[in-house]
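Trainee: Heads up: the sequence shown is residues -19 to -1, 1 to 177, going by mature numbering (1 follows the signal peptide of the UniProt record, and there is no 0). The beta-carbon is built from N, C-alpha and C at its ideal position, and this holds for glycine as well.
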Amino acid sequence: MLFVQKLFLALPLFATALASELSADGTDSVVPVSGSNMAAALVTTGDTRIYYQDSNNGTVVQIAVSNAFTVGHLENMVVVIPSDEVRYNTPIAVAAPGTQDSFTVLHIFFFSPDNVLSEYHWDPTAKALVGGPACTTCVTNEGFVGVAGSQMLYAMVNTATSSGGLRVGFVSASSPGTISEAVKTGNSWSLASLTT
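As structure tokens, then:
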């Protein structure tokens, strides 16, 4: 079983190598992608990150593209979130401030198998994506539960605030008849539902 899990983790890397090999003759080749639910972010240079759930193994894969497909190229494909942390057919939302010229701040949101609102984010100090159940700075640690099977999820960053306020909307199990937002201001998260 462990071999199969490791094999599935290596598939996106194989696809990248295959795409590079296929285009060695100077012609462009299509990169194979089999997934569901995706989200993306870009920075002012056009550098783009696309995230999708691989429909074959349930992992969340990052595709790095240098710019729009008409002028850019595939830089890499890599698994960033293991399947045991992701609900099958989870929605995905990404938030990154629109004023940056590189991905110094980036947040990826999704639901865990137990429908807990979960996050991975870029840590500029570690120079890596961090997240998962042990992440103390992630919304995952708050235990906000979404409605099972809900596909509603969005994320945004308010760059006008000094703390870079982060808002993540979803249908909360505690208020299933409306949209709720997990809001991060400074280092703390709070949850509120849409009201009049």
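Would the segment 131 to 139 and the segment 106 to 123 be scored as touching if the rule is three or more Cβ pairs under 8 Å?
Mentor: Not touching, per the Cβ criterion.
Trainee: Am I right that residue 36 and residue 64 are in contact with their C-beta atoms under 8 Å? What's the rounded C-beta distance?
Mentor: About 11 Å separates the two Cβ atoms, so there is no contact after all.
Trainee: Alpha carbon to alpha carbon, how far is residue 177 from residue 56? Give it in angstroms, no decimals.
Mentor: Approximately 46 Å, taken between the alpha carbons.
Trainee: Expressed to the nearest angstrom, what Euclidean distance is found between the alpha-carbon atoms of residue 19 and residue 146?
Mentor: When rounded, the distance between both Cα atoms is 23 Å.
Trainee: Of the residues 115, 150 and 73, which one's Cα is nearest the Cα of residue 32?
Mentor: The residue with the shortest Cα to Cα distance from residue 32 is 73.
Trainee: Taking residue 100 as the reference, give the member of 161, 134 and 58 with the closest Cα.
Mentor: Nearest C-alpha to residue 100: 134.
Trainee: Can you have a look at residue 49 and say buried or exposed, based on whether 16 or more other CB atoms are within 10 angstroms of its CB?
Mentor: Exposed: under 16 other Cβ atoms inside 10 Å.
Trainee: Got a sec? Which residues, its chain only, sit under 6 Å from residue 111 by beta carbon, not counting five neighbours each side?
Mentor: The answer, listed in chain order, is 104.
Trainee: Report the residue from 169, 173, 22 and 166 whose alpha carbon sits nearest the alpha carbon of residue 75.
Mentor: Checking every option, the nearest Cα to that of residue 75 belongs to 22.
Trainee: Residue 17: which of 27, 40, 10 and 30 sits nearest, CA to CA?
Mentor: Answer by Cα proximity: 40.
Trainee: Do residue 130 and residue 66 have their beta-carbon atoms positioned less than 7 Å apart in this structure?
Mentor: Not a contact, by the Cβ cut-off of 7 Å.
Trainee: When the Cα atoms are used, what is the spatial distance from residue 174 to residue 87?
Mentor: About 24 Å.
Trainee: Looking at the secondary structure, which residues open and close the beta strand (DSSP E) in which residue 30 lies?
Mentor: That run of the beta strand (DSSP E) goes 29 to 35.
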